[in-house]
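Okay, structure first, notes after.
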Amino acid sequence: MEVTFLGTSCMIPTKERNLFSVFVRHETEGILIDCGEGTQRQFKQADMNLTKITKILITHWHGDHVLGLPGLVQTLGASHYNSTLNIYGPKGTKKFFENLKKSFHFDIRIEVKVHDIVKNGMVFENNTIRIEAEKLEHGVPCLGYKIIEPDKRRINMKRAKDLGLNEGPMLGQLQTGKSIVLKGKKINPEDVSNIIVGRKIAIVVDTVICNGAKKLANDADLLIAESTYTSDLEEKGEEYGHMTAQQAAKLAQISNVKDLILTHFSQRYKTSDIILEDAKKVFPNVRCAYDLMNVRI
Numbered sequence: 018m019e020v021t022f023l024g025t026s027c028m029i030p031t032k033e034r035n036l037f038s039v040f041v042r043h044e045t046e047g048i049l050i051d052c053g054e055g056t057q058r059q060f061k062q063a064d065m066n067l068t069k070i071t072k073i074l075i076t077h078w079h080g081d082h083v084l085g086l087p088g089l090v091q092t093l094g095a096s097h098y099n100s101t102l103n104i105y106g107p108k109g110t111k112k113f114f115e116n117l118k119k120s121f122h123f124d125i126r127i128e129v130k131v132h133d134i135v136k137n138g139m140v141f142e143n144n145t146i147r148i149e150a151e152k153l154e155h156g157v158p159c160l161g162y163k164i165i166e167p168d169k170r171r172i173n174m175k176r177a178k179d180l181g182l183n184e185g186p187m188l189g190q191l192q193t194g195k196s197i198v199l200k201g202k203k204i205n206p207e208d209v210s211n212i213i214v215g216r217k218i219a220i221v222v223d224t225v226i227c228n229g230a231k232k233l234a235n236d237a238d239l240l241i242a243e244s245t246y247t248s249d250l251e252e253k254g255e256e257y258g259h260m261t262a263q264q265a266a267k268l269a270q271i272s273n274v275k276d277l278i279l280t281h282f283s284q285r286y287k288t289s290d291i292i293l294e295d296a297k298k299v300f301p302n303v304r305c306a307y308d309l310m311n312v313r314i
């Protein structure tokens, strides 16, 4: 999986930071999480093609997370985009998108399917990826997301050949988890293969620590979490439904997270140094995102 941080500011952009947006690439899927103003220009800055987007996951409908959406959809329509664009978001997403279309001359030349997510759990699954959503606690309906690879069985060809197996349908059966019989001897998948655990990315922004955030973060290889304030502004964070750096670090600590990247910073912080220092007091394996930062996991 490859993650590009297109915008790392919260409500107000700065000279260095665009409004919040993250792009996750995995095989044929291009998953955009939120679409603040200027997101399509950030794609240009990152030398990425907008037509690689297959899905948009909206966390919530505050303007700083969605106001780049109309322009992006119109640009896709002018860019020979041949896929169906699927947009997912909390309850009310269909209504908000329809309202966007009515607010100005919104020329949509592509097929767009909008999905309201009304229940926690899986919202999409194919052979290569699963997307789950959980409700978070903010002033408006808000979701966090988890992008999960399925576990894969990898054949050890040396062990297979030692047992008399070569390429063919029997190996295919073992790879799908089925046992076979070769020359009267039963061979189990575990005899010739290992399970490669799929990677997991959790995205948790615009929330306080809550059950939904914990479910998403649990056992994540990478947790992308907001850190709007440092811990001295914890009361302000609670008032507006945001986490501090130490709270995000605590979430990672209690959730068995491997790697934490902080984002969604208040404009009051000219650099992220103080935020990083604050978080490291609780969880050492942490970084602060910057615009156009690219990470592979």
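Mind the numbering: the sequence shown is residues 18 to 314 in our numbering, read in order.
Just so it is clear, CB atoms sit at the ideal spot from N, CA and C, and this is done for glycine as well.
These figures come from a predicted structure and were not determined experimentally.
Tell me whether residue i sits in a helix, a strand or coil according to DSSP, three-state version.
i: Ser120; result: helix
i: Asp276; result: strand
i: Thr110; result: helix
i: Ile14; result: Residue 14 lies beyond the range of the chain shown here (18 to 314); nothing can be said about it.
i: Lys130; result: strand
i: Arg313; result: strand
i: Met139; result: strand
i: Ala269; result: helix
i: Gly47; result: strand
i: Lys72; result: strand
i: Phe40; result: strand
i: Val299; result: coil
i: Glu54; result: coil
i: Thr193; result: coil
i: Leu199; result: strand
i: Ala150; result: strand
Enumerate in chain order the residues of its own chain whose CB-to-CB distance from residue i is below 8 Å, with the five nearest sequence positions on each side excluded.
i: Gly88; result: Gln57
i: Gly181; result: Leu199 and Lys200
i: Gly94; result: Asp124, Ile125, Arg126 and Ile127
i: Arg215; result: According to the sequence shown, residue 215 is Gly rather than Arg. If we look at Gly215 and ignore the five residues flanking it on each side, its Cβ neighbours are Ile165, Glu166, Pro167, Asp168 and Lys169.
i: Gly55; result: Gly24, Pro30, Asn35, Leu36 and Gly85
i: Lys217; result: Lys163, Ile164, Ile165, Glu166, Asp236, Ala237, Asp238 and Leu239
i: Thr110; result: Ile75, Trp78, Ile104, Val131, His132, Asp133 and Ile134
i: Thr280; result: Phe22, Thr25, Phe37, Val39, Val222, Ile241, Ala242, Glu243, Ser244, Cys305 and Ala306
Suppose you measure from the CA of residue i to the CA of residue j; what does that come to, to the nearest Å?
i: Lys203; j: Asn211; result: 18 Å
i: Val90; j: Ser244; result: 29 Å
i: Tyr246; j: Ile213; result: 37 Å
i: Ile29; j: Asp64; result: 24 Å
i: Pro167; j: Asp133; result: 24 Å
i: Ile220; j: Met139; result: 15 Å
i: Ser272; j: Leu188; result: 37 Å
i: Ile48; j: Ile70; result: 6 Å
i: Val39; j: Ala177; result: 42 Å
i: Thr145; j: Ile164; result: 10 Å
i: Asn173; j: Glu184; result: 12 Å
i: Lys298; j: Val312; result: 23 Å
i: Gly5; j: Ser196; result: In the structure as shown, the chain begins at 18 and stops at 314. Residue 5 is therefore absent and cannot be evaluated.
i: Arg42; j: Phe141; result: 15 Å
i: Gly53; j: Leu191; result: 46 Å
i: Glu252; j: Asn205; result: 57 Å
i: Asn302; j: Glu207; result: 34 Å
i: Ile148; j: Tyr162; result: 7 Å
i: Ile274; j: His122; result: The residue asked about is misnamed: residue 274 is Val in this sequence, not Ile. Roughly 45 Å between the two C-alpha positions.
i: Lys118; j: Phe282; result: 30 Å
i: Glu255; j: Ala230; result: 15 Å
i: His97; j: Asp249; result: 49 Å
i: Lys72; j: Met18; result: 15 Å
i: Glu46; j: Val83; result: 20 Å
i: Ser120; j: Gln62; result: 29 Å
Grab me the residues of residue i's own chain with a C-beta within less than 7 Å of its C-beta, minus the 5 sequence neighbours each way, in chain order.
i: Phe300; result: Ala266, Ala269, Gln270 and Leu277
i: Thr193; result: none
i: Arg315; result: Nothing can be reported for residue 315: it is not among the residues displayed for the chain, which extend from 18 to 314.
i: Ala391; result: Nothing about residue 391 can be read from this structure; the chain reaches only from 18 to 314.
Leaving out the 5 sequence neighbours to the left and right, which residues in its chain are closer than 6 Å to residue i when beta-carbon positions are compared?
i: Gln154; result: For the sequence presented, residue 154 should be read as Glu rather than Gln. So the qualifying residues of the chain are Thr224, Val225 and Cys227.
i: Lys287; result: none
i: Phe60; result: Leu67
i: Gln284; result: Ile29 and Thr31
i: Glu151; result: Asn137, Gly161, Gly229, Lys232 and Leu233
Under 7 Å between C-beta atoms, does residue i make it to chain C?
i: Leu93; result: Absent from the structure is chain C; it holds one protein chain and no more.
At least 3 beta-carbon pairs within less than 8 Å: the stretch 19-26 vs the stretch 303-310: Yes, since at least three Cβ pairs between the stretch 19-26 and the stretch 303-310 fall closer than 8 Å, the two stretches touch.
Meets three-Cβ-pair contact criterion under 8 Å: the stretch 123-140 and the stretch 91-105: The count of Cβ pairs closer than 8 Å, one atom from the stretch 123-140 and one from the stretch 91-105, reaches three, so the stretches are in contact.
Cβ contact check for the stretch 74-82 and the stretch 155-166: 3 or more pairs under 8 Å: Because the criterion of three Cβ pairs below 8 Å is met, the stretch 74-82 and the stretch 155-166 touch.
Three CB pairs or more closer than 8 Å across the stretch 231-239 and the stretch 257-264: Taking 8 Å as the limit for Cβ pairs, the verdict is that the stretch 257-264 does not touch the stretch 231-239.
Beta strand (DSSP E) segments (min. 3 residues) lying fully within the stretch 211-252: Listed in chain order, they are 217-221 and 239-243.
Segment contact flag, the stretch 227-236 with the stretch 279-295, C-beta cutoff 8 Å, min 3 pairs: No, they do not touch.
Continuous alpha helix (DSSP H) assignments of at least 4 residues falling wholly in the stretch 153-184: For the stretch 153-184, whole alpha helix (DSSP H) runs of length 4 or above, ordered along the chain, are 174-179.
4-residue-minimum alpha helix (DSSP H) runs that sit fully inside the stretch 73-103, ordered along the chain: Under the rule that a run must span 4 or more residues, the alpha helix (DSSP H) segments found entirely inside the stretch 73-103 read 80-83 and 86-94.
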